[in-house]
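Numbering (this note's numbering), first residue to last: 1264 to 1525. Idealized CB from N, CA, C, for every residue including glycine. Heads up: the structure comes next, in structure tokens.
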Amino acid sequence: MAHPTDGSRPSSARIYAHLLGSTDDTHGADREAADMLVSAFPSIRDAGRANRGFLLRAVREIAAAGVTQFLDLGSGLPVHPNVHDVARTLHSGARVVYVDNDPAVVSHRQATVDGDGVVTVDGDLRDPKEILEHPRVRATLDFDRPIGLIAVAVLHFVPGDVHAVVASLRDALAPGSHLAVTHACSETMSEEEIKIGEAIYQRTSNPVNLRTRAEINALFDGFDLLPPGLVPPADWRPVAPEFEPYPERSHEMLAAVGALSR
Ligand SMILES: C[S@@+](CC[C@H](N)C(=O)[O-])C[C@H]1O[C@@H](n2cnc3c(N)ncnc32)[C@H](O)[C@@H]1O
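What follows is the structure in structure tokens.
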């Protein structure tokens, strides 16, 4: 599948890394796009940080449920702590596959993060079969045991029938697997925010596809939503402030974790 990233346009991975405060890995076009986003609707920085806080709490909770292997889709650039860092605080041998369709993200991760039981592969969510059949995915993860499927701040970059994409991933998972999602919501943003956000991401390698609350909820078909259900990221199982590196609140995305019981 052709890569949507051509290097000359800003990428969502580097815009996001810039929003999180990473000074590496961004170049002029990314900083310009991130700065435009922040000046157009300043809450976007908090949205990125609240999203990252959810990701870390969700991985911790999934690992606490006994899951020792993770498939992190649309992993983005490494930001410490990464998924494997959090999972390994509970299971020292936790295995993690990172997937991204941005070649710069993949090569950066492979050079800096990959190691024993931690692997980054080039894959595109628009072709979930290719991800599921990737030899390095199969060699690292045991699909007969539960997997934590992480699709955080990525499914809104997948156009078209994203529910079919998630369903085909779900159908490959063993009972006890979990799905963690955040997704930009068309019902929680103002019309002005939607207009500006869509216009800016349109100029990047990852145009954004907003979905309704019901459409985001339907991504969890076949999963049992864990309490508190589908909520703003900061409201998903908040922890005491001294344990939360990203205390920001946001309204642009909705977040949830589901467990596969069948
Ligand atoms: C905003 S970053 C999210 C990073 C990380 N998941 C997090 O929430 O902290 C979105 C990432 O998804 C990747 N991405 C976008 N569309 C994708 C697709 N169709 N398949 C795989 N990765 C994709 C981008 O390259 C980028 O690295």
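Here the segment 1293 to 1304 does not lie against the segment 1359 to 1372, with fewer than 3 beta-carbon pairs under 8 Å apart. Approximately 6 Å separates the beta-carbon atoms of residue 1441 and residue 1520; this is inside 8 Å, confirming the contact. For residue 1420, the Cβ falls inside the 7 Å cut-off from some heavy atom of ligand 1. In the three-state reduction of the DSSP assignment, residue 1502 falls in the coil class. Residue pairing for residue 1516: DSSP places it in a beta bridge opposite 1447. As DSSP reads the structure, residue 1332 sits in a beta bridge with 1358.
Pairing residue 1313 with residue 1512 gives a Cβ-Cβ distance under 8 Å.
In this structure, residue 1518 sits away from residue 1489, with a CB-CB distance that is not shorter than 8 Å. Here residue 1352 is exposed. Its C-beta has fewer than 16 other C-beta atoms within 10 Å. In chain order, 1493 place their CB closer than 7 Å to the CB of residue 1480, counting only its own chain and leaving out the 5 sequence neighbours on each side. Inter-segment contact for the segment 1310 to 1327 and the segment 1410 to 1423 is present: three or more beta-carbon pairs are separated by less than 8 Å.
Around the Cβ of residue 1407, a 10 Å sphere holds fewer than 16 other Cβ atoms; the residue is exposed. Nearest Cα to residue 1350 within the set 1515, 1400, 1331: 1331. Comparing C-alpha distances from residue 1507 to each of 1280, 1344, 1360 shows the shortest one belongs to 1344.
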